[in-house]
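S.K.:
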Amino acid sequence: SAVISQKPSRDICQRGTSLTIQCQVDSQVTMMFWYRQQPGQSLTLIATANQGSEATYESGFVIDKFPISRPNLTFSTLTVSNMSPEDSSIYLCSVDEGRLGEQYFGPGTRLTVT
Amino acid sequence: EDKVVQSPLSLVVHEGDTVTLNCSYEVTNFRSLLWYKQEKKAPTFLFMLTSSGIEKKSGRLSSILDKKELFSILNITATQTGDSAIYLCAVSRMGGSEKLVFGKGTKLTVNP
Chain A
3 SAVISQKPSR DICQRGTSLT IQCQVDSQVT MMFWYRQQPG QSLTLIATAN
53 QGSEATYESG FVIDKFPISR PNLTFSTLTV SNMSPEDSSI YLCSVDEGRL
103 GEQYFGPGTR LTVT
Chain B
376 EDKVVQSPLS LVVHEGDTVT LNCSYEVTNF RSLLWYKQEK KAPTFLFMLT
426 SSGIEKKSGR LSSILDKKEL FSILNITATQ TGDSAIYLCA VSRMGGSEKL
476 VFGKGTKLTV NP
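Chains A and B, in that order, give the protein sequences.
In the numbering used here, each residue carries its 1-based index in the first sequence increased by 2.
In the numbering used here, each residue carries its 1-based index in the second sequence increased by 375.
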């Protein structure tokens, strides 16, 4: 499976600021996804990062809050904008490598907003 | 609305015990069911199941899918402390969105 890296691994940020998380894959992939996992909760899909076009956001997530870039087939960024303590979560990127839906996850970014 | 329900939500066992984790689902246009193990941040892929009745096995872990009754089980035999983790079940659909729908997970604690 593809090797996925994320930066930063963790960060502590102040309310009102923004943080950009990077996701790098060691091979070209068509589908990249961004998930959020709030404390004690399961994974929730934020958006699908599409190469060369705007991301597709899930219900409850908007581009102004979570802008996403996908400049090529190996890289994507997620920005968490105007952060509040409710944004404290683990943020994960994943890639879909197969035809049957299997996704592989990056190591995650643990974000704490104070 | 697509739904994935896992049970139990948490489980505490002793080393050497055998555990069975459950996952039921309701999803339109089912494609596959996946199991992940989450120890710290990143979920690690365990199994993908697409056909009923065919057991997938990896060491002490095994899983099977029942597409008629819409559920899957994950078995872990001879548990070890290193099996302590959250086990996540997810379902993917055919056509349109490739997103995974996750259950809330089962937190397994294996005590020495």
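Just so you know, even glycine gets a beta-carbon here, dropped at the ideal spot from N, CA and C.
Note that the structure is predicted; figures quoted are calculated from it, not measured.
Skipping 5 residues on each side, what residues in its chain have a beta carbon closer than 6 Å to that of I23(A)?
M.R.: Contacts found: L80, Y93 and T111.
S.K.: Label D458(B) either buried or exposed according to how many other C-beta atoms from any shown protein chain fall within 10 Å of its C-beta, with 16 as the threshold for buried.
M.R.: By the neighbour-count definition (other C-beta atoms within 10 Å, threshold 16), D458(B) is a buried residue.
S.K.: For A465(B), report the span of its beta strand (DSSP E) as first-last.
M.R.: Looking at the DSSP string, the run of the beta strand (DSSP E) that includes A465(B) is A460 to R468.
S.K.: What do you get for I461(B), buried or exposed, if any count of 16 or more other CB atoms within 10 angstroms of its CB means buried?
M.R.: buried
S.K.: Can you tell me whether T481(B) is buried or exposed, with buried defined as 16 or more other CB within 10 angstroms of its CB?
M.R.: buried
S.K.: Just list the alpha helix (DSSP H) runs in the segment 392-464 of chain B, keeping only unbroken ones of 4 residues or longer that don't cross its boundaries, in chain order.
M.R.: none
S.K.: Report the rounded CA-to-CA distance for R435(B) versus R406(B), giving the unit in angstroms.
M.R.: 26 Å
S.K.: Could you tell me if S467(B) is buried or exposed, where buried requires 16 or more neighbouring beta carbons within 10 angstroms of its beta carbon?
M.R.: Around the C-beta of S467(B), 16 or more other C-beta atoms lie within 10 Å, and the residue is accordingly described as buried.
S.K.: Given this structure, state the Cα-to-Cα distance separating C1(A) from S437(B), to the nearest angstrom.
M.R.: Since the displayed chain A opens at 3 and closes at 116, residue 1(A) lies outside it and no answer follows.
S.K.: For I70(A), count neighbouring Cβ atoms within 10 angstroms of its own Cβ and tell me buried if that reaches 16, exposed if not.
M.R.: With 16 or more other Cβ atoms within 10 Å, it is buried.
S.K.: S407(B) CB to nearest chain A CB: under 7 Å?
M.R.: yes
S.K.: Would you say F420(B) and Y59(A) are within 7 Å of each other, going by their C-beta atoms?
M.R.: no
S.K.: What residue range is occupied by the uninterrupted beta strand (DSSP E) comprising K9(A)?
M.R.: It spans I6 to K9 - the beta strand (DSSP E) in which K9(A) sits, taken as one unbroken run.
S.K.: In this structure, does DSSP put P73(A) in helix, strand or coil?
M.R.: strand
S.K.: Output yes or no for whether 7 Å exceeds the beta carbon distance between W410(B) and L449(B).
M.R.: yes
S.K.: If you run the structure through DSSP and keep just helix, strand and coil, what is D28(A)?
M.R.: In the structure shown, D28(A) sits in coil (DSSP, three-state: anything other than H, G, I, E or B).
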